[in-house]
Structures are given as C-alpha cells and as structure tokens.
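**Q** The structure under discussion is supplied below as structure tokens; questions concerning it will follow.
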Amino acid sequence: VTSGFKCKTMCAGLPAAFLEPLCSISLMEDSELRQLVLEILHNIIDRHDNRAKLRGIR
C-alpha cells in the first residue's frame, strides 16, 4: 500500500488524527491489540519490506 507513497514529512504522511487513536490503543492491557497496532505501524513505516531481515533481532 505504501510503496508508491512519497511524503516529505512524517506529520504529513501520518497526521495526529491517525496516530493518536493508534497510540492510545497501544497502551491498552490487551496484548493482541497492542501487537496489531505495532504491525499496522510497522507496515506503514517499512516501505522496503525489511520485516524478514529484522525478524530475528531482539
């Protein structure tokens, strides 16, 4: 989805109206919801598909 997206600033590409609800969900106790939020953010930010390369790093 984001491979063709070009944005000059993070704020233009990920406005507060989008990020604030995600960040508030990431603070909930439900670990499945937190994991989902992290996956959403990772997929948006990782436009070069580095997930496989980073999977083993902890």
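When you read off a place in the sequence shown, starting at 1, and then add 291, the result is the number in the working numbering.
The C-beta atom is built at its ideal place from N, Cα and C for all residues, glycine as well.
Being a predicted model, the structure only gives us computed values, none of them experimental.
Suppose contacts are defined by Cβ-Cβ distances below 8 Å. Is Val328 in contact with Ile336 by that definition?
**A** Not in contact: Val328 and Ile336 (Cβ atoms no closer than 8 Å).
**Q** Identify which residue in Arg325, Arg346, Asn341, His339 has its Cα closest to the Cα of Leu313.
**A** Nearest C-alpha to Leu313: Arg325.
**Q** Output the boundary residues of the alpha helix (DSSP H) element that contains Ile336.
**A** First-last of the alpha helix (DSSP H) with Ile336: 322-336.
**Q** Can you check whether the CB of Arg342 is closer than 8 Å to the CB of His333?
**A** Cβ distance < 8 Å, so His333 and Arg342 count as in contact.
**Q** Classify Leu305 as helix, strand or coil using the three-state DSSP reduction.
**A** Of the three classes helix, strand and coil, the one that applies to Leu305 here is coil, per DSSP.
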